[in-house]
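S.K.: The opening position of the sequence shown corresponds to residue 253 in my numbering, with each subsequent residue numbered one higher.
Every residue gets a Cβ at the ideal spot worked out from N, C-alpha and C, and that includes glycine.
Please read through the structure below; I'll follow up with questions.
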Amino acid sequence: MTPEKIAEAMEVMAEAQSEEPPEGEPRVPCDVAVASVGADDQILVLVSAGSRVHDALSDNGFYVRTDRGVCLVEWRDAA
Numbered sequence: 253m254t255p256e257k258i259a260e261a262m263e264v265m266a267e268a269q270s271e272e273p274p275e276g277e278p279r280v281p282c283d284v285a286v287a288s289v290g291a292d293d294q295i296l297v298l299v300s301a302g303s304r305v306h307d308a309l310s311d312n313g314f315y316v317r318t319d320r321g322v323c324l325v326e327w328r329d330a331a
């Protein structure tokens, strides 16, 4: 993802994290890591996050997938 999309995802996650978790779900810290792949290509990794963060990312056009036990956040451009 571009640095701009990483920033957008971080904003979405921060807003979702500030909300109360759904009833019965414990408050889960939202920890992320950003890895640089190239000058304009970065990977966003969710280390831990609650369901509201996953839902907010999906609702805003991001795709969260698990690959070998790691949650990756990706942006899917409309085809």
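Assess, as a yes-or-no matter, whether the segment 287-295 is touched by the segment 261-278 under the definition of 3 or more beta carbon pairs within less than 8 Å.
M.R.: As far as the Cβ criterion goes, the segment 261-278 does not touch the segment 287-295, which means the pair count is below three.
S.K.: Count the other CB atoms within 10 Å of the CB of glycine 302; is the residue buried (16 or more) or exposed (fewer)?
M.R.: Here residue 302 refers to the residue found at position 50 of the sequence shown. So glycine 302 counts as buried.
S.K.: If you check the beta carbons only, do valine 297 and valine 322 fall under 7 Å apart?
M.R.: Here residue 297 corresponds to residue number 45 of the sequence shown, with the count starting at 1. Here residue 322 corresponds to residue number 70 of the sequence shown, with the count starting at 1. In contact: valine 297 and valine 322 (Cβ atoms closer than 7 Å).
S.K.: Measuring CA to CA, which of Val284, Gly313, Phe314, Asp311 is closest to serine 300?
M.R.: In the sequence shown, counting from the first residue as 1, residue 300 sits at position 48. Considering only alpha carbons, the answer is Val284.
S.K.: Strictly under 7 Å for the Cβ-Cβ distance: is glutamine 294 near chain D by that measure?
M.R.: Going by chain labels, chain D is absent from the structure shown, which holds only one protein chain.
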